[in-house]
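Protein chains in written order, with our numbering: chain A, 1 to 245; chain B, 246 to 490. Where a beta carbon is used, it is the ideal one built from N, C-alpha and C, also for glycine. Model, not experiment: these values are computed from the prediction.
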DNA sequence: GCCCCGCCTTGAGGCAGATCAAATCATGGC
DNA sequence: GCCATGATTTGATCTGCCTCAAGGCGGGGC
């Protein structure tokens, strides 16, 4: 059974108008596209969650009772085969939405890979709110369609790209760490392990590691630390990602 | 530039109440979930298309001006890499919806693989109609979410399954031909070529062919013709698809 | 009914990435 | 600071699928 720590912030939130006002993820999420009145109603239905690395938001095969909005941190979404093979279908970050894509039970699992804060809503509450808030539904539809395109990209990667192309693509699609200094050197933070990168790209740990080494040796990237990468030659990396080498 | 034959049925349709009334795909599609009044408005905006095998519905990188509803036949949706490698991201059949998942230009292509009929709508018209028809928007959101789950399935297949598991999974997810006789022998129609199956499963033609032969030799399936398969042992095929052998 | 053409099947050999194995390295606890 | 532990890197070998290369076959046109 799922055990999630729900922050006892109900009262505190009611004192200041609502928690959404100070939510860092608001401009990134579906919440950006609805007005203040609707946002207050949304906030009234929200539970605020605080998870440690490794804790579970969603467990496959359990009743699909809630939907989630990630407000900070990173989450892995994955599916398993019976013998333990794992495919990570996506990483989620602040502003990402999770959980609507199901029937009665979840078909995937989702876990924090670093400390995470999130809002959680009862699915039934959320459905009602959607029905009464067309702007929210439109925003969700847009987001779902955006995710479908991302999923098609990932299918192309998994079905037809080489290991070098996969890792290069991955590095380019991770959120850039420092948008204030967008120059030729972009910095990427990788909160996930090599094993998780491998399970996302349909490779093994060893292959991922070898490709990192290769990119490093060629001067395309530099490893600041295990989880911090500087892209030294973005153009070269883009060419590699698209198989133009 | 895209050239599609638009059937001159506008007047004929207006004589009987509307074309949707006789549309075989209606119970399968989003149209099933909206009432007659809304359906009439939808019908008034529709162009009816008739395509031959190989003709294009959507061309990647062109302006995303329309959305489509397939009413009969089969369609392949795919993306290409610059050197010609192809990933088919899905096959569409009667009732499937296509084209909303984009920004200003399409990022994928879609072509008929056998004679196809479809309804086409201007995206701007469709957006207006969606705004004014909550039931339609909800139906589209449900469908998008359903497709997202299917996409996650396909990522698991492409990233982690063996050739045998991929082909077995594929055979099980193709629409069953004869739902009237659901017994132990199910019959599956495959309107696509081996090359298309290969590009859908992330394999080569040869590997797909070898796996078919292997399944045939083991008595799991029988090839009635090149495009007609009878599943002799559905339980075995399901076990193979999930990697339980 | 026959012929052609494109699709499919089958075979032989090669290779990218997996597997197995062994250092080496980061990191948090004390 | 030192150590224990798990993650990462690196190396050697293996293998499932790809690539290259012939045949075989089915179905549409005449």
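When the options are compared against residue i, the one with the closest alpha-carbon
{"i": "residue 144 of chain A", "options": "B/411, B/378, B/416 and B/348", "result": "B/348"}
{"i": "residue 314 of chain B", "options": "B/307, B/331 and B/290", "result": "B/290"}
{"i": "residue 115 of chain A", "options": "A/65, A/159, A/192 and A/73", "result": "A/73"}
{"i": "residue 293 of chain B", "options": "B/275, B/363 and B/305", "result": "B/363"}
{"i": "residue 455 of chain B", "options": "B/412, B/329 and B/370", "result": "B/412"}
{"i": "residue 41 of chain A", "options": "A/173, A/51, A/130 and A/98", "result": "A/130"}
{"i": "residue 175 of chain A", "options": "A/228, A/160, A/60 and A/51", "result": "A/228"}
{"i": "residue 332 of chain B", "options": "A/198, A/161 and A/24", "result": "A/161"}
{"i": "residue 60 of chain A", "options": "A/201, A/82 and A/43", "result": "A/82"}
{"i": "residue 141 of chain A", "options": "B/401, B/344 and B/475", "result": "B/344"}
{"i": "residue 187 of chain A", "options": "A/206, A/43 and A/224", "result": "A/224"}
{"i": "residue 156 of chain A", "options": "B/329, B/462 and B/452", "result": "B/329"}
Continuous beta strand (DSSP E) stretch holding residue i: start and end
{"i": "residue 473 of chain B", "result": "473-476"}
{"i": "residue 112 of chain A", "result": "109-112"}
{"i": "residue 47 of chain A", "result": "47-51"}
{"i": "residue 225 of chain A", "result": "221-225"}
{"i": "residue 362 of chain B", "result": "361-367"}
{"i": "residue 87 of chain A", "result": "86-92"}
{"i": "residue 241 of chain B", "result": "The question about residue 241 of chain B has no answer here: the residues shown for chain B are numbered 246 through 490."}
{"i": "residue 275 of chain B", "result": "Note, residue 275 of chain B: premise wrong, no beta strand (DSSP E); not H, not E."}
{"i": "residue 431 of chain B", "result": "431-434"}
{"i": "residue 325 of chain B", "result": "320-325"}
Endpoints, the alpha helix (DSSP H) within which residue i is located
{"i": "residue 314 of chain B", "result": "Per DSSP, residue 314 of chain B belongs to no alpha helix (DSSP H); it is in the beta strand (DSSP E), 311-317."}
{"i": "residue 404 of chain B", "result": "379-405"}
{"i": "residue 168 of chain A", "result": "163-173"}
{"i": "residue 442 of chain B", "result": "439-446"}
{"i": "residue 457 of chain B", "result": "450-462"}
{"i": "residue 481 of chain B", "result": "479-486"}
Residue-level contact to chain B via CB, residue i, 8 Å cutoff
{"i": "residue 128 of chain A", "result": "no"}
{"i": "residue 83 of chain A", "result": "yes"}
{"i": "residue 149 of chain A", "result": "yes"}
{"i": "residue 107 of chain A", "result": "yes"}
{"i": "residue 15 of chain A", "result": "With a pLDDT of only 41 at residue 15 of chain A, under the threshold of 50, the placement of this residue in the model should not be trusted, and no figure is reported."}
{"i": "residue 137 of chain A", "result": "yes"}
{"i": "residue 202 of chain A", "result": "yes"}
{"i": "residue 8 of chain A", "result": "Since pLDDT at residue 8 of chain A reaches only 47, below the 50 mark, its modelled position is unreliable, and the value read off the structure follows with that caveat. Chain B, which has no Cβ nearer than 8 Å to the Cβ of residue 8 of chain A, makes this no."}
{"i": "residue 87 of chain A", "result": "yes"}
is_contact[residue i, chain A] using C-beta, thresh 8 Å
{"i": "residue 320 of chain B", "result": "no"}
{"i": "residue 399 of chain B", "result": "yes"}
{"i": "residue 324 of chain B", "result": "yes"}
{"i": "residue 336 of chain B", "result": "no"}
{"i": "residue 386 of chain B", "result": "yes"}
{"i": "residue 308 of chain B", "result": "no"}
{"i": "residue 451 of chain B", "result": "no"}
{"i": "residue 301 of chain B", "result": "no"}
{"i": "residue 378 of chain B", "result": "no"}
{"i": "residue 390 of chain B", "result": "yes"}
{"i": "residue 489 of chain B", "result": "yes"}
{"i": "residue 269 of chain B", "result": "no"}
{"i": "residue 347 of chain B", "result": "yes"}
{"i": "residue 404 of chain B", "result": "yes"}
{"i": "residue 304 of chain B", "result": "no"}
{"i": "residue 297 of chain B", "result": "no"}
Residues near residue i in its chain [Cβ-Cβ closer than 7 Å; skip 5 each side]
{"i": "residue 273 of chain B", "result": "339 and 340"}
{"i": "residue 232 of chain A", "result": "185, 219, 220, 221 and 222"}
{"i": "residue 113 of chain A", "result": "53, 74, 75, 76, 191, 192 and 196"}
{"i": "residue 241 of chain A", "result": "165, 168, 169 and 172"}
{"i": "residue 334 of chain B", "result": "322, 323, 324 and 353"}
{"i": "residue 223 of chain B", "result": "Look at the range of chain B in this structure, 246 to 490, and you will see that residue 223 of chain B is not part of it."}
{"i": "residue 32 of chain A", "result": "26"}
{"i": "residue 450 of chain B", "result": "439, 440 and 443"}
Supposed close pair residue i, residue j - CB separation, criterion 8 Å
{"i": "residue 484 of chain B", "j": "residue 151 of chain A", "result": "Wrong, their Cβ atoms sit about 27 Å apart, outside the cutoff."}
{"i": "residue 312 of chain B", "j": "residue 356 of chain B", "result": "Not really, about 16 Å apart at Cβ, beyond 8 Å."}
{"i": "residue 404 of chain B", "j": "residue 158 of chain A", "result": "5 Å"}
{"i": "residue 384 of chain B", "j": "residue 275 of chain B", "result": "4 Å"}
Contact set for residue i: own chain, Cβ-Cβ below 6 Å, skip 5 residues either direction
{"i": "residue 190 of chain A", "result": "227"}
{"i": "residue 244 of chain A", "result": "none"}
{"i": "residue 371 of chain B", "result": "312"}
{"i": "residue 382 of chain B", "result": "375"}
{"i": "residue 202 of chain A", "result": "158"}
{"i": "residue 200 of chain A", "result": "88"}
Proximal residues to residue i (C-beta, below 8 Å), its chain only, five neighbours per side dropped
{"i": "residue 213 of chain A", "result": "none"}
{"i": "residue 310 of chain B", "result": "367 and 368"}
{"i": "residue 128 of chain A", "result": "none"}
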